[in-house]
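*Asks:*
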Amino acid sequence: MRQPLVAGNWKMNGTRASIKELLEGVKNGMGEVTIAEVAVCSPHIFLCDVQQQLDGSAIAWGGQDVSVHESGAYTGETAGAMLAEFGCKYVIIGHSERRTYHGETDQLVAEKFTAARKAGLVPILCIGETLEERESGITEEVVGRQIDAVVEHCGIGMLGEGVIAYEPVWAIGTGKTATPEQAQDVHAFIRARIAASSQAVADGLQILYGGSMNAGNAADLLAQADIDGGLIGGASLKPADFLAIATAANA
Ligand code: 13P
């Protein structure tokens, strides 16, 4: 039985004041969320505030990216150990926005996965196809390649220590959600791809869906056999919406 996980990806949003209010709202509404785990991935500059506010609560937190390096002359980067020092459990790796705007390759993402694990963090590995790739019929080829890169670099055992988030790029921030069937098809494919290396890892791995998941569509998506939770962008910035998704994951 895989525990559902609902993780917020705040991206580059918020102020110290707005985040305080957001976390207060989420903390106060957690009463019904007893089965699913809830986490928030914050801009790194706010992690000290997040830690102070969430310490001792049931809510976990994480970063949005990690350096492949442990320390040194890498201006603007954040090391895994730094995230760990601020209590992060998770770190998002290879989000499509980083792959697109920062040129992150499958190889770099695999190296970041290893760096996160070395620091004791749980990587949330994002994979997913663009609209063009979907329309060309190569969705499985793309997500297969993205997974294989991590398995080849890290080994199947290490992959099993992370979480996968399937985020079709065309569904991110667009209001266009994959249908539950479309998402389930890809999730099942991902699990089968991993099962080819290890059935035990495939059975235990949490595979989240991300891409315009909201309070209205979460329950149908989360009811799918291979969807174990969500990685939530826009809706994670509103306590009521985020809690509604967490509550749906709890069912
Ligand atoms: P939205 O929920 O805003 O579409 O973002 C999804 C996402 O990119 C989460 O990482």
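All residue numbers for the sequence shown refer to our numbering, where the first residue is 39 and numbers rise by one.
Ideal placement from N, C-alpha and C gives every residue a C-beta, glycine not left out.
The model shown is predicted, which means the values in this text are computed figures rather than measured ones.
1. I'd like the span of the alpha helix (DSSP H) that includes A216, first residue to last.
2. At a Cβ threshold of 8 Å, is Y204 touching chain E?
3. Could you tell me which uninterrupted alpha helix (DSSP H) segments, each at least 4 residues in length, are contained entirely in the segment 106–157, listed from first to last along the chain?
4. Restricting to Cα atoms, I'd like to know which of W208, G195, V224 and G249 is closest to S235.
5. Where does V295 sit, in a helix, a strand or coil, going by DSSP?
6. Output the distance between the C-alpha atoms of I228 and N255, rounded to the nearest integer angstrom.
7. For the putative contact between M68 and A96, defined by C-beta atoms under 8 Å, what is the C-beta separation to the nearest angstrom?
8. Tell me the start and end of each unbroken alpha helix (DSSP H) in the segment 225–278 that is at least 4 residues and wholly inside, in chain order.
9. Does any heavy atom of ligand 1 sit closer than 7 Å to the C-beta of E205?
10. Would a C-beta distance cut-off of 8 Å place L169 and F151 closer than the cut-off?
11. Looking only at its chain, what residues have a beta carbon closer than 6 Å to the beta carbon of I185, apart from the 5 residues adjacent to it on each side?
12. If you count every other CB in all the chains shown that lies within 10 Å of the CB of A157, and 16 or more means buried, which is it?
13. Roughly how many angstroms separate the alpha carbons of A153 and V104, rounded to a whole number?
14. Closest to R136 by CA distance: which of E171, V207 and Y247 is it?
15. Does the pairing of the segment 136–148 with the segment 109–117 give three or more beta-carbon distances under 8 Å?
16. In whole angstroms, give me the CA-to-CA distance for T53 and G63.
17. Relative to the C-alpha of L61, which candidate in N288, K276 and E167 has its C-alpha closest?
*Replies:* With the structure as the only source:
1. As a position in the sequence shown, residue 216 is number 178, starting the count at 1. Unbroken run through A216: none, as it is neither H nor E.
2. Absent here is chain E; the protein component of the structure consists of one chain.
3. 118–123, 134–139 and 144–156
4. In the sequence shown, the residue the question calls residue 235 occupies position 197. Checking every option, the nearest Cα to that of S235 belongs to G195.
5. Examination of residue 295 is not possible in this model, given that the chain is present from 39 through 289 alone.
6. As a first step, residue 228 is located in the sequence shown; it is residue number 190 there, counting from the start. As a first step, residue 255 is located in the sequence shown; it is residue number 217 there, counting from the start. Each residue's Cα considered, the two are about 22 Å apart.
7. Counting from one through the sequence shown, the residue named residue 68 turns up at place 30. Counting from one through the sequence shown, the residue named residue 96 turns up at place 58. The Cβ separation is near 6 Å, so the contact holds.
8. 237–242 and 256–260
9. Taking the first residue of the sequence shown as position 1, residue 205 is located at position 167. Result yes, Cβ under 7 Å from ligand 1.
10. Walking along the sequence shown from the start, residue 169 turns up at place 131. Walking along the sequence shown from the start, residue 151 turns up at place 113. In this structure, F151 does not lie closer than 8 Å to L169 by Cβ.
11. Here residue 185 corresponds to residue number 147 of the sequence shown, with the count starting at 1. R231, listed in sequence order.
12. Taking the first residue of the sequence shown as 1, we reach residue 157 at position 119. Buried is the call here.
13. Counted from its first residue, the sequence shown places residue 153 at position 115. Counted from its first residue, the sequence shown places residue 104 at position 66. Cα to Cα, the separation comes out at about 8 Å.
14. The residue labelled residue 136 in the question sits at position 98 within the sequence shown. Cα-wise, what sits closest to R136 is V207.
15. no
16. What you label residue 53 is simply residue 15 of the sequence shown in a count that begins at 1. What you label residue 63 is simply residue 25 of the sequence shown in a count that begins at 1. Looking at the two C-alpha atoms, the distance is approximately 15 Å.
17. Here residue 61 refers to the residue found at position 23 of the sequence shown. Among N288, K276 and E167, the Cα nearest to that of L61 belongs to K276.
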